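Visitor: Numbering (the numbering used here), first residue to last: 1032 to 1264. Positions of the beta carbon are idealized from the N, C-alpha and C atoms, including for glycine. All figures in this text were calculated on a predicted structure; none of them were measured in a lab. The structure follows.
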């Protein structure tokens, strides 16, 4: 009798252990749950990567624009105190090292100091990015010319041939049409710089800094040949 009872108890215990092994999620339920979990992780990581890329682009764009703003403020001071402002369209490569519309020459009296200043945007052959550069010299003494100093990096070229009515084609410097009286070759200059940091994503658009600069002293009849002789580029 005890043997029969013992055998029956053993079967009951085995049956219980079998129920325990059969408990939990089925394979289909597990696959569905894992699929949902992987999908959620993919969405979260995609959002994080996108946010990180946008943040990186914004930081790089801000850094590039900050450099351009420093140069713009300096040019603005020199042009507003300019006695003679050259026409960027007539700037020769022999005197600037760059094509027309990519250099600006000003006879200025910033802070009461008379000097010739020259700005240019130069694109080295080894990189698609250009540099905003600056130098100065004493009027009539090209031997006093300073070396070119880089003010802003990562300047990119405009798209297409220059057309005054199309801002996307504006070069770094050109004469802005104006009705103001001027006795020099040019008085009001449009400055446009497009900048894109190399660390920005390929599809990120360049930041554009543009402004109209007017020389308030150019109407006083200074000789147009002031600073006419330029040092070798």
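Residues in the same chain with beta-carbon distance under 8 Å from residue 1183, minus the five sequence neighbours each way, listed in chain order, please.
Guide: Position 152 of the chain shown holds residue 1183. Excluding positions up to five away in sequence, the list reads 1095, 1098, 1099, 1101, 1102, 1162, 1163, 1224 and 1226.
Visitor: Given a threshold of 16 other Cβ atoms within 10 Å of its Cβ, counted over all protein chains shown, does residue 1116 qualify as buried or as exposed?
Guide: Locating residue 1116 in the chain shown gives position 85, where the first residue counts as 1. Buried, because 16 or more other Cβ atoms sit within 10 Å of the Cβ of residue 1116.
Visitor: Considering only the beta carbon of each residue, do residue 1179 and residue 1147 sit closer than 7 Å?
Guide: As a working mapping, residue 1179 is identified with position 148 in the chain shown. As a working mapping, residue 1147 is identified with position 116 in the chain shown. For residue 1179 and residue 1147, no; Cβs fall outside 7 Å.
Visitor: Taking 7 Å as the cut-off, decide whether the C-beta atoms of residue 1166 and residue 1129 are in contact.
Guide: If you number the chain shown from 1, residue 1166 lands on position 135. If you number the chain shown from 1, residue 1129 lands on position 98. In this structure, residue 1129 does not lie closer than 7 Å to residue 1166 by Cβ.
Visitor: Starting from residue 1259 and walking both ways along the beta strand (DSSP E), at which residues does that stretch end?
Guide: Position 228 of the chain shown holds residue 1259. Element bounds for residue 1259: n/a, residue is neither H nor E.
Visitor: Going along the chain, which residues of its own chain have a beta-carbon closer than 7 Å to the beta-carbon of residue 1112, five neighbours each way excluded?
Guide: Counting from one through the chain shown, the residue named residue 1112 turns up at place 81. 1139, 1140, 1141 and 1248, listed in sequence order.
Visitor: Ignore the nearest five residues each way along the sequence and tell me which others in residue 1187's own chain have a CB closer than 8 Å to its CB.
Guide: Residue mapping note: residue 1187 aligns to position 156 of the chain shown, counting from 1. For residue 1187, where only same-chain residues beyond five positions count, the Cβ hits under 8 Å are 1159, 1160, 1161, 1225, 1226, 1227 and 1237.
Visitor: Which complete beta strand (DSSP E) runs does the region 1169–1225 hold, if anything under 3 residues is left out?
Guide: List check, beta strand (DSSP E) in window: 1180–1187 and 1204–1206.
Visitor: Nearest to residue 1120 by alpha carbon, out of 1254, 1263, 1109 and 1201?
Guide: Indexing the chain shown from 1 puts residue 1120 at position 89. Considering only alpha carbons, the answer is 1201.
Visitor: Over what stretch of residues does the beta strand (DSSP E) that includes residue 1242 continue unbroken?
Guide: The residue you call residue 1242 lines up with position 211 of the chain shown. That run of the beta strand (DSSP E) goes 1238–1245.
Visitor: Determine the extent of the alpha helix (DSSP H) in which residue 1139 is found, giving its start and end residues.
Guide: Here residue 1139 refers to the residue found at position 108 of the chain shown. Not the alpha helix (DSSP H): residue 1139 falls in the beta strand (DSSP E), residues 1134–1139.
Visitor: Please return the same chain residues whose Cβ sits closer than 8 Å to the Cβ of residue 1241, not counting the five positions on each side in sequence.
Guide: For the purposes of this step, residue 1241 is identified with residue 210 of the chain shown, where counting begins at 1. These residues qualify, in order along the chain: 1198, 1201, 1221, 1222, 1223 and 1224.
Visitor: Do you know whose CA, among 1156, 1074, 1173 and 1137, lies nearest residue 1109's CA?
Guide: Here residue 1109 refers to the residue found at position 78 when the chain shown is read from its first residue. The candidate whose alpha carbon is nearest that of residue 1109 is 1137.
Visitor: How close, in whole Å, do the beta carbons of residue 1084 and residue 1257 come, if the pair is a contact with beta carbons under 8 Å?
Guide: Along the chain shown, read from residue 1 onward, the residue named residue 1084 stands at position 53. Along the chain shown, read from residue 1 onward, the residue named residue 1257 stands at position 226. Not confirmed; about 50 Å, so no contact.
Visitor: Counting only runs that start and end within the region 1046–1121, where is the alpha helix (DSSP H) found for 4 or more residues in a row?
Guide: Listed in chain order, the complete alpha helix (DSSP H) runs (minimum 4 residues) inside the region 1046–1121 are 1058–1111.
Visitor: Could you please give me the residues that DSSP links to residue 1149 through a beta bridge?
Guide: Numbered from its first residue, the chain shown carries residue 1149 at position 118. Note: residue 1149 sits in a beta bridge opposite 1136 and 1166.
Visitor: Taking the beta carbon of residue 1246 as the centre, do at least 16 other beta carbons fall within 10 Å, making it buried, or is it exposed?
Guide: Taking the chain shown and counting its residues from 1, the one referred to as residue 1246 is at position 215. Its Cβ being crowded by 16 or more others within 10 Å, residue 1246 is buried.
Visitor: What does the alpha-carbon distance come out to for the pair residue 1122 and residue 1263?
Guide: Locating residue 1122 in the chain shown gives position 91, counting from the first residue. Locating residue 1263 in the chain shown gives position 232, counting from the first residue. Going from the Cα of residue 1122 to the Cα of residue 1263 covers about 13 Å.
Visitor: Could you give the residue range of the alpha helix (DSSP H) that holds residue 1232?
Guide: For the purposes of this step, residue 1232 is identified with residue 201 of the chain shown, where counting begins at 1. Looking at the DSSP string, residue 1232 is not in any alpha helix (DSSP H), and its letter there is neither H nor E.
Visitor: Quick one: grab the DSSP three-state call for residue 1128.
Guide: Taking the chain shown and counting its residues from 1, the one referred to as residue 1128 is at position 97. The answer is coil: DSSP assigns residue 1128 none of H, G, I, E or B.
Visitor: For residue 1149 and residue 1127, which I take to be in contact (beta-carbon distance under 8 Å), what is that distance rounded to the nearest angstrom?
Guide: One-based indexing of the chain shown puts residue 1149 at position 118. One-based indexing of the chain shown puts residue 1127 at position 96. Indeed they touch by this definition, with Cβ atoms about 7 Å apart.
Visitor: For residue 1161, list the residues DSSP reports as bridge partners.
Guide: Residue numbering aside, residue 1161 sits at position 130 when the chain shown is read from its first letter. Answer by DSSP bridge pairing, in chain order: 1186.
Visitor: To the nearest angstrom, report how far apart residue 1244 and residue 1133 are at their CA atoms.
Guide: Residue 1244 sits at position 213 when you count from the first residue of the chain shown. Residue 1133 sits at position 102 when you count from the first residue of the chain shown. Straight-line Cα distance between these residues: approximately 16 Å.
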